[in-house]
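Taking it in order: structure first as structure tokens, then the write-up.
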Amino acid sequence: MAALREQQQQQDASASVRAHFYSSSGANAGLACIYAANMFGCPTTIVTPLSTSAFLVAKLKQAGAVQVIQYGNTWQEAENYLRDTVMTTAAVTTNESPIYVPPFDAPEIWEGNAGIMHETVTQLRKATRHYRMTAAAVAASPTCNGQNLPIEQMPAVDAVVCSVGGGGLFCGLMQAVEELQLKDRTQVIAVEAEGVDSLAQSVAKRERITLSSISSLATSLGARRVAQRAFEYGLEKHAKTVVISDADAIRACRRFADEEHYLVELACAVCPALCYTGKLPELIPGFNENTVLVIVVCGGSNTSFEMMEKFWATLDN
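Residues 1 to 317 in UniProt numbering are what the sequence shown spells out, letter by letter.
Listed below in structure tokens is the structure:
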């Protein structure tokens, strides 16, 4: 939002030229761009891959995009078409100033996402536990009574879990962990779905790779190549990468809806799936009932009951 405000201010110098925002997204970043641009009364064009569901394309239009273009089999192809064709054409055929809004690979995006961790740490100072604790755990936890504690008296955040597509959210959380001086206390667990696991493969090979194709149902995570900064963060010792199957993500969507009463998309469900599949003890040393775990439930807009019914039908229950 701040980045868009700065860009809009640059346009104010020429009243005859109106800013027009452009972004490529197979999912929620496009909606965020539209929302922010609407705040300034500016039009938005979104280019999204052909794999994007009609459901989400309709959402982009309903949110206020003046144009939604579907192009390419992957986000990268949509991104290239946006920058090389759509924006260059607009620059010479309209009286508008085209402004590019990256969906994940920009310091402004990371800075915004870093706020999640800063807010979490602040709120933990007077938080109560979501689930009932044992008597011993209650006695050991200084946050259970709602006191506003100094940060040095807070229990350590042992781990924070997030999903990864292009890596914007992951970069923001890693940046915040550094800013809060929590690198020695807090792990950041980056979760991907099989078939869109570009970060995990890059970390395993210790080089930033590009996937040949996207083969997961979690299309919102469909970046064939993560941001360079995300790759660099993935190599740090307090970061871990995990890959979840589509089937486990689908089951997690169902269970999360049953237990928490929220319907989330597959790109988000890979995070609670990490809990439901019992993988946490092998990822977090000393994992027990007192472990402080933060799961970023990003929700996502690419979901509906109808979509989940179709996904569920693909499972061999």
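Note that beta-carbon positions come from the ideal geometry of N, C-alpha and C, so glycine has one too.
* **Span separating the alpha-carbon of threonine 122 from that of threonine 88** => Within the sequence shown, numbered from 1, the residue matching residue 122 stands at position 122. Within the sequence shown, numbered from 1, the residue matching residue 88 stands at position 88. Distance between the alpha carbons of threonine 122 and threonine 88: 44 Å.
* Three-way DSSP call (helix, strand, coil) for histidine 20 in this model -> Locating residue 20 in the sequence shown gives position 20, counting from the first residue. Of the three classes helix, strand and coil, the one that applies to histidine 20 here is strand, per DSSP.
* Asked: alanine 27 and asparagine 302: beta carbons closer than 8 Å?
  -> Here residue 27 corresponds to residue number 27 of the sequence shown, with the count starting at 1. Here residue 302 corresponds to residue number 302 of the sequence shown, with the count starting at 1. Yes; because the gap between Cβ atoms is below 8 Å, this pair is in contact.
* Asked: Are there 16 or more other CB atoms within 10 angstroms of the CB of threonine 143, so buried, or fewer, so exposed?
  -> Counting from one through the sequence shown, the residue named residue 143 turns up at place 143. At threonine 143 the pLDDT is 47, less than 50, meaning the model places this residue with poor confidence; the figure from the coordinates comes in the next sentence. Its Cβ being crowded by 16 or more others within 10 Å, threonine 143 is buried.
* Asked: Is it true that the CB of threonine 45 sits closer than 8 Å to the CB of alanine 78?
  -> Taking the sequence shown and counting its residues from 1, one reaches residue 78 at position 78. Taking the sequence shown and counting its residues from 1, one reaches residue 45 at position 45. Contact flag unset, no.
* Asked: Assuming valine 196 and glycine 222 make a contact with CB atoms under 8 Å, what is their CB distance in whole Å?
  -> Taking the first residue of the sequence shown as 1, we reach residue 196 at position 196. Taking the first residue of the sequence shown as 1, we reach residue 222 at position 222. Rounded, the Cβ-Cβ distance is 5 Å, consistent with contact.
* Asked: Just reading off the beta strand (DSSP E) that leucine 293 is part of, what are its end residues?
  -> In the sequence shown, counting from the first residue as 1, residue 293 sits at position 293. Here the beta strand (DSSP E) through leucine 293 covers 293 to 295.
* Three-state secondary structure (DSSP) at threonine 314? -> Translated into positions along the sequence shown, residue 314 becomes position 314. Reduced to three states, the DSSP call for threonine 314 is coil.
* Beta-carbon contacts of methionine 117 that lie in its chain and below 6 Å, excluding the five residues immediately before and after -> Against the sequence shown, residue 117 aligns to sequence position 117. The residues are Leu173 and Ala176.
* Going by DSSP, what residues sit across from proline 98 in a beta bridge? -> Locating residue 98 in the sequence shown gives position 98, counting from the first residue. His20, per the DSSP bridge assignment.
* Rounded separation between residue 318 and serine 304 - CA only -> With the chain running from 1 to 317 in the structure shown, residue 318 is simply not present.
* Given a threshold of 16 other Cβ atoms within 10 Å of its Cβ, counted over all protein chains shown, does histidine 20 qualify as buried or as exposed? -> Along the sequence shown, read from residue 1 onward, the residue named residue 20 stands at position 20. It is buried - the Cβ of histidine 20 has at least 16 other Cβ atoms within 10 Å.
* Asked: Relative to the alpha-carbon of serine 23, which residue among Tyr81, Asn288, Leu182 and Ser245 has its alpha-carbon at the smallest distance?
  -> For the purposes of this step, residue 23 is identified with residue 23 of the sequence shown, where counting begins at 1. Residue Tyr81 is the option with its Cα nearest to serine 23.
* Cβ pair count under 8 Å reaching 3, the segment 238 to 245 against the segment 182 to 195 -> yes
* lysine 126 lies in the beta strand (DSSP E); which residues open and close that run? -> Taking the first residue of the sequence shown as 1, we reach residue 126 at position 126. Run containing lysine 126: none; DSSP gives neither H nor E here.
* Asked: In terms of DSSP beta bridges, what is isoleucine 34 paired with?
  -> Here the question's residue 34 lines up with position 34 in the sequence shown. Its beta-bridge partners do not exist; DSSP assigns none.
* Is DSSP giving alanine 27 helix, strand or coil here? -> Taking the sequence shown and counting its residues from 1, the one referred to as residue 27 is at position 27. Alanine 27: coil per DSSP, three-state reduction.
* Can you give me the Cβ contacts of glycine 300 inside the same chain, cut-off strictly under 7 Å, excluding the 5 residues immediately before and after it? => Residue numbering aside, residue 300 sits at position 300 when the sequence shown is read from its first letter. Counting only Cβ-Cβ distances below 7 Å, and skipping sequence neighbours, we find Ala27, Asn28, Ser220, Val264, Glu265, Ala267 and Cys268.
* Three-state secondary structure (DSSP) at glutamate 260? -> Start at 1 with the first residue of the sequence shown, and residue 260 comes out as number 260. Helix.
* In the segment 209 to 278, which residue ranges form an unbroken beta strand (DSSP E) of at least 3 residues, counting only runs that do not cross its ends? -> The qualifying runs are 239 to 244.
* **serine 163, enclosing alpha helix (DSSP H) - first and last residue** => Position 163 of the sequence shown, counted from the start, is the residue given in the question as residue 163. No alpha helix (DSSP H) contains serine 163, which is instead part of the beta strand (DSSP E) from 159 to 163.
* Buried or exposed by the 16-neighbour rule on C-beta atoms within 10 Å, applied to proline 103 -> Walking along the sequence shown from the start, residue 103 turns up at place 103. Buried.
* beta strand (DSSP E) runs contained entirely in the segment 40 to 75, provided each spans 3 or more residues -> Here the runs fully enclosed are 44 to 48 and 67 to 70.
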